[in-house]
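*Asks:* Quick one: structure below, then a few questions.
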Amino acid sequence: MFRLLPRAPPAAYNRVIRTLTLHRTMSHDAYLIPIDPEAPKSEVLPPIIELWTASKPKDKAGESRIFYNVDSEGRTAALVSLGKGSKAKTPEALRKAVGTGIKKLRDVGATSVLVDVNKDLHAAAAGTHLALFKYNHLKTAEKDAVPKVAVNPPQNATSSGELGWETGVIYAYSQNLARELMEIPANLLTPTLFAERIKKEFEGLDKVEIKVRDKAWAEEKKMNTFLSVAKGSSEPCKFLEIHYKGAPDANARPLIFVGKGITFDSGGISLKPSANMKLMRGDMGGAAAVSSATLAIAKLKLPINVITLIALTENMPGPAANKPGDVIYAMNGKTVEVDNTDAEGRLILSDTLFYGSSEFNPHTIIDCATLTGAMDVALGTVYTGVFS
17 MFRLLPRAPP AAYNRVIRTL TLHRTMSHDA YLIPIDPEAP KSEVLPPIIE
67 LWTASKPKDK AGESRIFYNV DSEGRTAALV SLGKGSKAKT PEALRKAVGT
117 GIKKLRDVGA TSVLVDVNKD LHAAAAGTHL ALFKYNHLKT AEKDAVPKVA
167 VNPPQNATSS GELGWETGVI YAYSQNLARE LMEIPANLLT PTLFAERIKK
217 EFEGLDKVEI KVRDKAWAEE KKMNTFLSVA KGSSEPCKFL EIHYKGAPDA
267 NARPLIFVGK GITFDSGGIS LKPSANMKLM RGDMGGAAAV SSATLAIAKL
317 KLPINVITLI ALTENMPGPA ANKPGDVIYA MNGKTVEVDN TDAEGRLILS
367 DTLFYGSSEF NPHTIIDCAT LTGAMDVALG TVYTGVFS
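Numbering-wise (the numbering used here), the sequence shown opens with residue 17 and increments by one.
Quick look at the structure:
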């Protein structure tokens, strides 16, 4: 069995995301037991199945029960159904079940939880960490303690089980980093602070080089469409480059990630409605996604070369801001007429995409951006638009 203890976060940088480190030995005050309703069993607490069956649970995924004083130590147990059919056998079903259970145990005050997992520690680790994420550190006092998590690994799983858990932690940590970045208020995540945070996240990783470019560099490169957006804000713009060389051939053509990095989007002179404008702190969601994905790639030591490019600025209606009707010479020499200053994403991305394609000879470019609300109108909140 394993015990997982919180790993101390870097001071002042990562107060939201917590990772749980694997240790042999165990001390816990609660159990989390995913249940296959077609063949319910528990490796760590076999008698609990009688209570589960007696409670007459439905077979649907996510059905759960909390039982108290389930052993001689007075521990609590959360049982969560994986559901029926082929979907119940998938890692995603386990991830969701573990996530449901850990939140329920947190809500009843559990401080150290044994997760009874007999398959796929990767999914269990991801489900645990994703579920425990909470952005509340700006409150005067955090009210919810984060449980420690202990794991009963699959039978015969030793180093492979530990590896599965660690990769699950990396996946979830990277996702939680993107989630956190999108929640941070814009005054606490300016272009400068975003770049500093990402540099901090990559500290100590091999084969990684971080470059933070300033306005003068962008002017030398003639990134005029990017700069035209940036000049409306008093916050200095930044151009962030993350270079990871993990391929056996360090000179092999890279994959390029491009992320939209508008740390706050007021719309510029074409001002957005004030209702819900505060949510435009998340207009750097593309930047959050690609930087977090690159972090996962570097931590997993994948054998590929990746270059991540992020133009960081605010879109504000300052005295030097873009005006409707302005014509700008882009980095590629083409002219662009500004029709609406709230269409700033394509301006900063055009220079970034041209820079990436002309400088680094990539085999593929993947661009991530919160580019238009029309996507939600067309597809709702379940699907994401992808173009190729």
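Every residue, glycine too, gets a C-beta built ideally from N, C-alpha and C.
Here's a check: name, in chain order, each residue in its chain whose Cβ is nearer than 6 Å to the Cβ of residue 214, leaving out the five neighbours to either side.
*Replies:* Position 198 of the sequence shown, counted from the start, is the residue given in the question as residue 214. Cβ neighbours of residue 214 beyond the five flanking positions: 307.
*Asks:* Suppose the cutoff is 7 Å on Cβ atoms and the five residues either side in sequence are ignored; what does the same chain contact list for residue 396 look like?
*Replies:* Counting from one through the sequence shown, the residue named residue 396 turns up at place 380. No residues qualify anywhere along the chain.
*Asks:* Using CA atoms only, rank isn't needed, just tell me which of 269, 387, 46 is closest to residue 122.
*Replies:* As a first step, residue 122 is located in the sequence shown; it is residue number 106 there, counting from the start. The shortest C-alpha separation from residue 122 is found at 46.
*Asks:* Determine the DSSP secondary structure at residue 203, reduced to helix, strand or coil.
*Replies:* Residue mapping note: residue 203 aligns to position 187 of the sequence shown, counting from 1. In the structure shown, residue 203 sits in a helix (DSSP, three-state: H, G or I).
*Asks:* Since residue 299 contacts residue 386 with CB under 8 Å, what's their CB separation in whole angstroms?
*Replies:* In the sequence shown, the residue the question calls residue 299 occupies position 283. In the sequence shown, the residue the question calls residue 386 occupies position 370. That pair is a contact at about 5 Å.
*Asks:* Report the rounded CA-to-CA distance for residue 318 versus residue 221, giving the unit in angstroms.
*Replies:* Numbered from its first residue, the sequence shown carries residue 318 at position 302. Numbered from its first residue, the sequence shown carries residue 221 at position 205. Taking the straight line from one Cα to the other gives about 12 Å.
*Asks:* In three-state terms, what does DSSP make of residue 149?
*Replies:* Taking the sequence shown and counting its residues from 1, one reaches residue 149 at position 133. Looking at residue 149 - three-state DSSP - the assignment turns out to be coil, as it is neither helix nor strand.
*Asks:* Of the choices 85, 309, 131, 100, whose alpha-carbon is the least far from that of residue 181?
*Replies:* Taking the sequence shown and counting its residues from 1, one reaches residue 181 at position 165. Ranking the options by Cα distance to residue 181, first place goes to 131.
*Asks:* Should residue 138 be labelled buried (16 or more other beta-carbon atoms within 10 Å of its own) or exposed?
*Replies:* Within the sequence shown, residue 138 is the residue found at index 122, counting from 1. Buried, because 16 or more other Cβ atoms sit within 10 Å of the Cβ of residue 138.
*Asks:* Give the range of the alpha helix (DSSP H) segment to which residue 361 is assigned.
*Replies:* Within the sequence shown, residue 361 is the residue found at index 345, counting from 1. Run containing residue 361: 361-376, per the alpha helix (DSSP H) assignment.
*Asks:* When you compare the CB positions of residue 323 and residue 260, do they come within less than 9 Å of one another, or not?
*Replies:* The residue labelled residue 323 in the question sits at position 307 within the sequence shown. The residue labelled residue 260 in the question sits at position 244 within the sequence shown. In this structure, residue 323 lies near residue 260, with their beta-carbon atoms less than 9 Å apart.
*Asks:* Could you give the C-beta distance for residue 257 and residue 227, rounded to a whole number, given that I count them as a contact under 8 Å?
*Replies:* By 1-based counting over the sequence shown, the position of residue 257 is 241. By 1-based counting over the sequence shown, the position of residue 227 is 211. Indeed they touch by this definition, with Cβ atoms about 4 Å apart.
*Asks:* Among 282, 268, 336, 289, which one has its Cα closest to the Cα of residue 379?
*Replies:* Sequence index remark: in the sequence shown, residue 379 carries index 363 (1-based). Checking every option, the nearest Cα to that of residue 379 belongs to 268.
*Asks:* So, do the stretch 188-204 and the stretch 76-87 have three or more beta carbon pairs nearer to each other than 8 Å?
*Replies:* no
*Asks:* Taking only three categories from DSSP, how would you classify residue 84?
*Replies:* As a first step, residue 84 is located in the sequence shown; it is residue number 68 there, counting from the start. In the structure shown, residue 84 sits in coil (DSSP, three-state: anything other than H, G, I, E or B).
*Asks:* Quick one: grab the DSSP three-state call for residue 43.
*Replies:* Position 27 of the sequence shown, counting from 1, holds the residue named residue 43. Residue 43 falls in the coil class under three-state DSSP.
*Asks:* Check each candidate in 288, 73, 136 and name the one with the smallest Cα separation from residue 388.
*Replies:* Locating residue 388 in the sequence shown gives position 372, where the first residue counts as 1. The candidate whose alpha carbon is nearest that of residue 388 is 288.
*Asks:* On a Cα-Cα basis, can you pick out the residue from 276, 63, 242 that is closest to residue 93?
*Replies:* Here the question's residue 93 lines up with position 77 in the sequence shown. Comparing Cα positions, the closest option is 63.
*Asks:* If distances are taken between C-alpha atoms only, which option among 273, 96, 382 comes closest to residue 407?
*Replies:* What is shown of the chain runs 17 to 404, which leaves residue 407 out entirely.
*Asks:* Which residue comes first and which comes last in the beta strand (DSSP E) that contains residue 276?
*Replies:* Counting from 1 along the sequence shown, the entry for residue 276 is found at position 260. That run of the beta strand (DSSP E) goes 271-281.
*Asks:* What's the C-alpha gap between residue 39 and residue 271?
*Replies:* Within the sequence shown, the letter at position 23 stands for residue 39. Within the sequence shown, the letter at position 255 stands for residue 271. Interpretation of residue 39 is limited by its pLDDT of 41, a score under 50 that renders its predicted location unreliable; no figure is taken from the coordinates.
*Asks:* Pick helix, strand or coil for residue 287, following the three-state DSSP scheme.
*Replies:* In the sequence shown, the residue the question calls residue 287 occupies position 271. Looking at residue 287 - three-state DSSP - the assignment turns out to be coil, as it is neither helix nor strand.
*Asks:* With 16 other CB atoms within 10 Å as the buried threshold, where does residue 163 fall?
*Replies:* Within the sequence shown, the letter at position 147 stands for residue 163. Only buried fits residue 163, as 16 or more other CB atoms lie within 10 angstroms of its CB.
*Asks:* If you measure between the beta carbons of residue 303 and residue 384, is that distance less than 9 Å?
*Replies:* Here residue 303 refers to the residue found at position 287 when the sequence shown is read from its first residue. Here residue 384 refers to the residue found at position 368 when the sequence shown is read from its first residue. Cβ atoms of residue 303 and residue 384: closer than 9 Å.
*Asks:* Note down, in chain order, each residue of its chain lying with its Cβ closer than 8 Å to the Cβ of residue 329, except the 5 sequence neighbours on either side.
*Replies:* Here residue 329 refers to the residue found at position 313 of the sequence shown. Closer than 8 Å at the Cβ level, and outside the excluded window around residue 329, lie 207, 242, 245, 246, 249, 251, 253, 254, 277, 278, 279, 364.
*Asks:* CB-CB under 6 Å to residue 143, same chain, minus the five flanking residues each way: which ones, in chain order?
*Replies:* Working through the sequence shown from its first residue, we reach residue 143 at position 127. These residues qualify, in order along the chain: 111, 114, 115.
*Asks:* Should residue 390 be labelled buried (16 or more other beta-carbon atoms within 10 Å of its own) or exposed?
*Replies:* Taking the first residue of the sequence shown as 1, we reach residue 390 at position 374. That one is exposed.
*Asks:* Which stretch, first to last residue, makes up the beta strand (DSSP E) that contains residue 255?
*Replies:* Numbered from its first residue, the sequence shown carries residue 255 at position 239. 254-261 is the extent of the beta strand (DSSP E) around residue 255.
*Asks:* Can you say whether residue 398 is buried or exposed, counting buried as having 16 or more other CB atoms within 10 angstroms of its CB?
*Replies:* Start at 1 with the first residue of the sequence shown, and residue 398 comes out as number 382. By the neighbour-count rule (16 or more Cβ atoms within 10 Å), residue 398 is not buried but exposed.
*Asks:* Mark residue 50 as exposed unless 16 or more other C-beta atoms lie within 10 angstroms of its C-beta, in which case mark it buried.
*Replies:* Taking the sequence shown and counting its residues from 1, the one referred to as residue 50 is at position 34. Buried, since its Cβ has 16 or more Cβ neighbours within 10 Å.
*Asks:* Which first and last residues belong to the alpha helix (DSSP H) in which residue 392 is found?
*Replies:* The sequence position of residue 392 within the sequence shown is 376, counting from 1. Counting along the chain, the alpha helix (DSSP H) containing residue 392 begins and ends at 390-395.
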